[in-house]
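What follows is a short report on a single structure.
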Amino acid sequence: MKVSVVIPTYNASKTVKHALECLMSQTIKPYEIIIVDDGSKDVFDLHQILQSFNMSEIKLIEKHENTNAADSRNIGARNASGDVLCFLDADDYWYPQKLEKQLHALELSSIVSCRVRAVASDRITALRVASEFDVRKTFCENLFGSLFHNLAFQTSTLMMRQEDFLRIGGFDSSLPRHQDYQFIINAEATGLKLKFVDDVLVDYVKSGKIAKIKHNWSLEKSLHFFDRYLFTEARNIRENFMIVQLLGPSLQAGVFNEWYKAASNRSLVSFSFLSKALYYTAKRVIS
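Counting the sequence shown from 1 gives a position; my numbering is that position plus 1421.
Structure follows, in structure tokens:
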């Protein structure tokens, strides 16, 4: 099978070199690497870095208008000539056997994910989430069934056949956030089966992403996903998402009242919900 790796970039010239180096260290090399730049200001530096690799496998697609990473991934996938797709964020890292182990698992499934380790820019951080997958649960239950968020899926962990990506419909580029969650929920709705490789094969760089979210964080961006994709899910799923994904950033951004109003408008506020939110917040502060 030929693997096409899609890397969305936006002002990522400082990290994309590391991403390319980890691809070059794979025990099974990718067939092609498609970099889709989202109208970066550092595109000249990006060109210089790509030229330094001098590899025909690397293709660059430049978007002249900034949209978002979901749109970039869709463009890369549509332009891929391989029959298998993977996505790698420019600041994440793959372990050398990532492609090899996932390709083996893909023979028995439609989509493959794996364990992932949370990494800060300067040191390895302790995971506050469990990177695991329970085959007895739905994809959504694996994501939000636990109050202490289960990082079962992340964009850089996924592998799938291109034909299945097209069946799913790609990433919803109208979503400001949580396109990875949307994608995996749609994958299950399409009837696709997932295989989870029980090895850490990806480092997910949290610190930079968190900084970006805090810089221009908006409750509405997450509620757009909630209302479109979670509104019919079980109450426990909706409560956990509202608490785990939105409470902490709302407190940090000073918009707790807006968070409470959003939860109330969605019929989530109750004594048990608020007790759960208080318990979660206390545990996060202690840890």
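Glycine is no exception: its CB is placed at the ideal position from the N, C-alpha and C atoms.
If you draw a straight line from the C-alpha of residue i to the C-alpha of residue j, how long is it?
i, j, result
"N1500", "M1445", "21 Å"
"R1705", "N1475", "46 Å"
"N1607", "K1616", "16 Å"
"P1670", "L1467", "32 Å"
"T1448", "E1553", "24 Å"
"L1408", "S1685", "The structure shown has nothing for residue 1408, since the chain only spans 1422 to 1708."
"K1627", "V1505", "27 Å"
"L1548", "L1622", "Confidence is the limiting factor: at L1548 the pLDDT is only 49, short of 50, which leaves the residue's position unreliable, though a coordinate-based value still follows. Taking the straight line from one Cα to the other gives about 15 Å."
"R1649", "S1473", "43 Å"
"Y1701", "D1555", "22 Å"
"R1656", "Y1681", "16 Å"
"S1567", "G1590", "28 Å"
"N1678", "L1672", "9 Å"
"W1638", "R1538", "24 Å"
"A1683", "V1676", "11 Å"
Tell me which residues share the same chain as residue i and place their Cβ nearer than 7 Å to its Cβ, disregarding the 5 neighbours each side in the sequence.
i, result
"T1576", "F1508, D1510 and D1601"
"G1460", "K1484, H1485, E1486 and N1487"
"D1620", "K1522, C1535 and R1536"
"L1529", "K1616"
"F1604", "I1589 and F1592"
"R1647", "Note on identity: in this sequence residue 1647 is Phe, with Arg being the wrong assignment. Answer for F1647: F1662, listed in chain order."
"C1599", "Inspection of the sequence shows that residue 1599 is occupied by His rather than by Cys. Same-chain partners within the cutoff: S1643 and F1646."
"F1586", "A1498 and L1506"
"L1651", "I1658, R1659 and F1662"
When the Cα of residue i is compared with those of the options, which residue comes out closest?
i, options, result
"P1451", "M1580, A1683 and K1682", "M1580"
"S1531", "G1612, G1497 and F1560", "G1612"
"R1659", "S1477, F1565 and A1440", "F1565"
"S1502", "E1528, V1424 and L1529", "V1424"
"L1640", "R1538, N1432, I1664 and D1585", "I1664"
"F1569", "L1668, V1540 and D1463", "L1668"
"L1527", "R1538, R1582, G1497 and R1494", "R1582"
"I1392", "A1610, G1497 and T1578", "Since the displayed the chain opens at 1422 and closes at 1708, residue 1392 lies outside it and no answer follows."
"K1462", "S1434, A1703 and I1479", "S1434"
"C1561", "R1598, T1653, N1432 and V1540", "T1653"
"A1490", "T1430, N1661, L1481 and F1465", "T1430"
"N1495", "S1693, N1432, V1427 and Y1516", "V1427"
"L1524", "T1578, F1662, N1563 and L1481", "T1578"
"L1520", "L1481, N1563 and M1422", "M1422"
"V1540", "S1643, L1644, S1693 and D1512", "D1512"
"K1558", "K1614, L1587, R1598 and D1585", "K1614"
"Y1516", "L1441, F1586, E1478 and F1465", "L1441"
"V1712", "A1674, S1477, S1693 and F1574", "In this structure the chain extends from 1422 to 1708, so residue 1712 is not present and cannot be described."
Please return the same chain residues whose Cβ sits closer than 6 Å to the Cβ of residue i, not counting the five positions on each side in sequence.
i, result
"K1438", "I1470"
"Y1514", "C1443 and D1624"
"Q1518", "T1448"
"V1533", "Q1523, A1526, L1527, M1580 and K1616"
"D1492", "S1594"
I'd like the list of long-range same chain contacts for residue i, defined as Cβ closer than 8 Å, with 5 residues on each side in sequence excluded.
i, result
"K1480", "E1453, I1454, I1455, I1456 and N1500"
Exercise. Could you tell me whether the segment 1684-1703 touches the segment 1592-1603, where touching means 3 or more Cβ pairs closer than 8 Å?
Key: no
Practice problem: Identify every run of the alpha helix (DSSP H) within the segment 1651-1708, keeping only runs that are complete inside it and at least 4 residues long; order them along the chain. | Solution: 1656-1662, 1669-1674, 1677-1686 and 1692-1707
Quiz item: Which residue spans inside the segment 1451-1490 form an unbroken beta strand (DSSP E) run of at least 3?
Solution: Uninterrupted beta strand (DSSP E) stretches at least 3 residues long and entirely within the segment 1451-1490 occur at 1453-1459 and 1479-1484, given in chain order.
Practice problem: Pick out the complete alpha helix (DSSP H) segments inside the segment 1520-1592, 4 residues or longer, and give them in chain order. | Solution: 1560-1565 and 1583-1589
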